[in-house]
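Reading through the structure tokens given below for one structure.
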Amino acid sequence: MDLELIRIDVTDHVALVTMDAPPVNAQNAQFNIELAYAMDSISDRDDVRSVILTGAGKVFSAGADIKARGSLADPGEKWQHNRRARESYHSVRECTKPVVGALNGAALGAGLAVAASCDILVAAEEASLAAAMPSACLAIQPCGA
């Protein structure tokens with residue numbers, strides 16, 4: 565499969581997986597399919613012993629691509645989208661190699677779901693985590709904030 569939004573670079577048995585969907589690594593159907601494929605293919609690779617998952621630019625992942633969600637109008641499309649998204653998170657969690665989430669910036673909503681699926685998180689000082697919830701908003705800021 566040709567990957568356009570996810571990059572995989574392997575050096576010294578470490579796979580650097582970079583979410584590269586400018587400008588904020590928002591997740592649409594293609595993103596979810598590619599992330600799941602990337603993580604599943606890494607699980608099968610003998611030349612990879614561990615994974616670093618990060619985002620290109622200043623944002624880990626800003627979450628769901630809201631513009632793309634507007635096009636999910638046909639019956640069943642929203643269910644399919646949610647299923648694809650869940651499977652992409654599960655592919656990170658179920659990867660047979662340890663996955664280190666390198667939070668280089670904000671991980672919001674669905675971006676937080678990707679981060680939470682990693683085995684270990686390492687966050688830059690400018691990283692932040694947030695999820696909108698029906699009755700409240702959860703936000704975690706760096707210790708010095």
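Per this note's numbering, numbering through the sequence shown is continuous, rising by one, with the last residue being 709. Virtual Cβ for every residue (Gly too), placed ideally from N, Cα, C. If you're wondering where the values come from, they're calculated on a predicted model, not measured in any experiment.
* Just curious, the beta strand (DSSP E) that residue 674 is in, first and last residue? -> Here residue 674 is taken as the residue at index 110 of the sequence shown, counted from 1. For residue 674, there is no enclosing beta strand (DSSP E); the enclosing alpha helix (DSSP H) covers residues 674-680.
* Asked: In angstroms, rounded to a whole number, what distance separates the CA positions of residue 600 and residue 685?
  -> For the purposes of this step, residue 600 is taken as residue 36 along the sequence shown, with counting starting at 1. For the purposes of this step, residue 685 is taken as residue 121 along the sequence shown, with counting starting at 1. If I take the Cα positions, the gap works out to 19 Å.
* I think residue 627 touches residue 590, with their Cβ atoms under 8 Å apart; what is that distance to the nearest whole Å? -> Sequence index remark: in the sequence shown, residue 627 carries index 63 (1-based). Sequence index remark: in the sequence shown, residue 590 carries index 26 (1-based). In this structure, residue 627 and residue 590 form a Cβ contact; the two beta carbons are roughly 7 Å apart against a cut-off of 8 Å.
* Three-state secondary structure assigned by DSSP to residue 573 -> As a position in the sequence shown, residue 573 is number 9, starting the count at 1. DSSP places residue 573 in strand when its eight states are reduced to three.
* Rounded separation between residue 696 and residue 646 - CA only -> Position 132 of the sequence shown holds residue 696. Position 82 of the sequence shown holds residue 646. Spanning the two alpha carbons is a distance of roughly 16 Å.
* Identify whether residue 615 lies in helix, strand or coil by the three-state DSSP scheme. => The residue given as residue 615 occupies position 51 in the sequence shown. Residue 615 falls in the strand class under three-state DSSP.
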